[in-house]
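J.: Below are the structure tokens for one structure; questions will follow.
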Amino acid sequence: MYCPLWTFFVPFLITFLTHANAFYLGVATSAYQVEGYNPGSSIWDVYTREHHLHPVGNATDHFHRYREDIQNMYELGFRHYRFSISWTRLMPCKMGVMDSAGLQFYHDMIDECHRWNITPHVTLYHWDLPQYIDEDYNGWLNREMVDLFLQYSRAVFREYGGKVHQWMTINEPLTTSLQGYGTGCNFAPGKCSSPQNFYLSARYQLLAHAEVACYYKQNYADGDIAIVLNSNWVEPLPASSEKAMKQSMLAMDRMLGIFLEPLLLGRYPASLQKETMSFTEEEQEKLRSSYTFLAINHYTSYYMDENGTSSIHPEWTHAQSPWLYDAPFGMQKLMYYLRDHYPFSSEVPILITECGFSQRNDGLFDLERTHYLLGYLAAVQNCREEGGMTNIEGFFVWSFLDNFEWASGYNETFGIVYVNRRDDSFTRHNKLSARVLREINSSPDDRIK
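UniProt numbering applies: residue 1 is where the sequence shown begins, and numbers increase by one.
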């Protein structure tokens, strides 16, 4: 059933990307999920051990194989790579004490990107907080994390600020706040003793981002910086119901508005103001000037009825991840929601910083993932061409490699490149999705590279 759609979309998307003004495809990973061989201990090392989950081990050995991986990116036509720096690798034992091997590793990896004409997009924090910080300060439940994150970020900028000009501060504060500190409690550090923990963690991550972004903009005027937000799309069911619409918009406020409105407007959404504490004037000013682009991770959608009950369409393809379905209409709906609900968002570039699919019974012939990616790329094309959203400038596929998927260990695979972990050889093989994306990237027009 996928081949007719696939054979239609590939030439269609090649034509779109060839003529797209300032649009590019990239790939993404995160340090903890792919590197391995980290000398320090992070909250995820402790969490997986205490909860008897699969340990990360050597992950996918990107630490030793990054040159091979970056060359493969180049050969697949990708010219943009989003990765994260591990706080635990740079400061494995004590805050402010840098590990020389860790520093050199990221210098080497960034240099390798430049050698292959690949632009590095670097995330400062992708969930791997050093364990000693969690023990000493109680992690993101402590206001002192704002200053600690600024200290760490300044050290990173001193090392790599001349080589990297695209920065992201924190990845998905919603996920860590909700699942690590809030009601989900299936993520590190698992501190879910109070419902208020969600709001504390969300607030301090926002303020930490604002401090770092303002420092960066004052000292590195030629670069760009943002915080990476994530959101599903919530479709009211039925669409004509005002009650269902109200429920879906409340869900959007709790996922996206709780972080986006402070950035754009300096305040929380009206629907959440009883549960949150307002920002000071100084905090508002810093938040509103803390980004030069918007970074959005989007994977899936669901319906919500008048009672706030969620559901999915029975014909949507279900991924290996229990929460993930192939519903590309939601990408377009989410982008239009940004455009119409937050008019300020049209004044800055938008990057889709993660989008991907964990296929069941995954293998080299990953038709479902290929179908998913082509559908979501087509939705972005519709936003740009029909919706006038030419400020959507990039799309990063999650993930370049099969990797460690947090509490799910290695049971869910998102990569467009297969990694053999069965015999610890870590050999790589490009899947069908990678080969199809190579065809899309093969246009001679350098603007999509």
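All C-beta atoms, glycine included, are put in the ideal place defined by N, C-alpha and C. Because the structure is a prediction, the values reported are computed rather than measured.
Are there 16 or more other CB atoms within 10 angstroms of the CB of residue 107, so buried, or fewer, so exposed?
T.: exposed
J.: Can you tell me where the beta strand (DSSP E) holding residue 419 begins and where it ends?
T.: It spans 417-419 - the beta strand (DSSP E) in which residue 419 sits, taken as one unbroken run.
J.: Could you please give the first and the last residue of the uninterrupted alpha helix (DSSP H) stretch that includes residue 336?
T.: 329-341
J.: Helix, strand or coil for residue 354, going by three-state DSSP, please let me know.
T.: strand
J.: Are there 16 or more other CB atoms within 10 angstroms of the CB of residue 205, so buried, or fewer, so exposed?
T.: buried
J.: Contact check, residue 367 vs residue 432 under 8 Å by CB: the rounded distance?
T.: 7 Å
J.: Determine whether the beta carbon atoms of residue 229 and residue 259 lie at a separation below 8 Å.
T.: yes
J.: By how many angstroms is the C-alpha of residue 198 removed from the C-alpha of residue 178?
T.: 6 Å
J.: Could you check how far apart the C-beta atoms of residue 26 and residue 394 are, in whole angstroms? I think they sit under 8 Å.
T.: 6 Å
J.: Please state whether DSSP places residue 318 in a helix, a strand or coil.
T.: strand
J.: Is the number of C-beta pairs between the stretch 249-265 and the stretch 313-325 that are closer than 8 Å three or more?
T.: no
J.: Could you tell me if residue 365 is buried or exposed, where buried requires 16 or more neighbouring beta carbons within 10 angstroms of its beta carbon?
T.: exposed
J.: According to DSSP, which residues form a beta bridge with residue 230?
T.: 297
J.: Answer with buried or exposed for residue 86, where buried requires no fewer than 16 other C-beta atoms within 10 angstroms of its C-beta.
T.: Sixteen is the threshold: when 16 or more other Cβ atoms of the shown chains lie within 10 Å of the Cβ of residue 86, as they do, the residue is buried.
J.: Need the endpoints of the alpha helix (DSSP H) that residue 115 sits in, please.
T.: 100-115
J.: If you follow the beta strand (DSSP E) that residue 83 is part of, which residue opens it and which one closes it?
T.: 80-84
J.: Which residues in the same chain as residue 447 place their Cβ atom closer than 6 Å to its Cβ, once the five residues preceding and following it in sequence are excluded?
T.: Any reading at residue 447 is ruled out, since the residue's pLDDT is 38, under 50, leaving its predicted position unreliable.
J.: Which residues does DSSP pair with residue 401 in a beta bridge?
T.: 417
J.: Just to confirm my understanding: we take residue 275, look at its own chain, exclude 5 residues before and 5 after, and list those with CB closer than 7 Å. What are they?
T.: 199
J.: According to DSSP, simplified to helix, strand and coil, what is residue 396?
T.: Of the three classes helix, strand and coil, the one that applies to residue 396 here is strand, per DSSP.
J.: For residue 91, count the other beta carbons within 10 Å of its own beta carbon; 16 or more makes it buried, fewer makes it exposed. Which is it?
T.: The residue is buried, with at least 16 neighbouring Cβ atoms inside 10 Å.
J.: Can you grab the Cα-Cα spacing for the pair residue 303 / residue 273, in whole Å?
T.: 25 Å
J.: Determine the direct distance from the alpha carbon of residue 403 to that of residue 234, and round the result to whole angstroms.
T.: 28 Å
J.: Residues in its own chain within less than 7 Å of residue 398 by CB, not counting five upstream and five downstream?
T.: 28, 354, 355, 356 and 414
J.: Do residue 349 and residue 391 count as a contact pair if the criterion is CB distance below 8 Å?
T.: yes
J.: Helix or strand or just coil, what does DSSP make of residue 222?
T.: coil
J.: Which same chain residues end up closer than 7 Å to residue 59 when comparing Cβ atoms and leaving out the 5 residues on each side of it in sequence?
T.: Cβ within range, chain order: 33, 34, 35, 36, 403 and 404.
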